[in-house]
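J.: There's a structure below that I have some questions on.
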Amino acid sequence: MDASKVSNSQPSLATLKARRNEEAQLAQLRKDRVQEREQIQKNVEDKPKPTTNGQGQTIGTRLNVTA
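Take the sequence shown: its letter number 52 is residue 686 in my numbering, and every next letter is one higher.
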């Protein structure tokens, strides 16, 4: 039998390991991005919203006043 006509249809072990490592890295990256988005969303929700009084003035915020 001629060896040049036989093809290897299965990927090598090194190729499989590299692919698994790549998939694991992508999964970790996705997980990190989701956590970052959740943290950003939490920070946005935690900020108190400014309120206005009857005259339309914003109250409840800090002012930097120097004399």
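We put the CB at the ideal spot given by N, CA and C, even for glycine.
1) Can you name, in chain order, every residue of its own chain whose Cβ lies under 7 Å from the Cβ of glutamine 695, other than the five neighbours on each side?
2) Kindly give me the distance between the Cβ atoms of threonine 692 and threonine 686, rounded to whole angstroms, as I take these residues to be in contact under 8 Å.
3) For threonine 711, name the three-state secondary structure that DSSP assigns.
4) Can you pull the DSSP bridge partners for isoleucine 693?
T.: Per the coordinate set shown:
1) The question names glutamine, yet the displayed sequence has threonine at residue 695. Excluding positions up to five away in sequence, the list reads Pro684.
2) The beta-carbon separation of threonine 692 and threonine 686, rounded to 6 Å, stays under the 8 Å limit for a contact.
3) Past the edges of the chain, shown from 635 to 701, lies residue 711, and the structure says nothing about it.
4) Note: isoleucine 693 is bridge-paired with Thr685 in the DSSP secondary-structure output.
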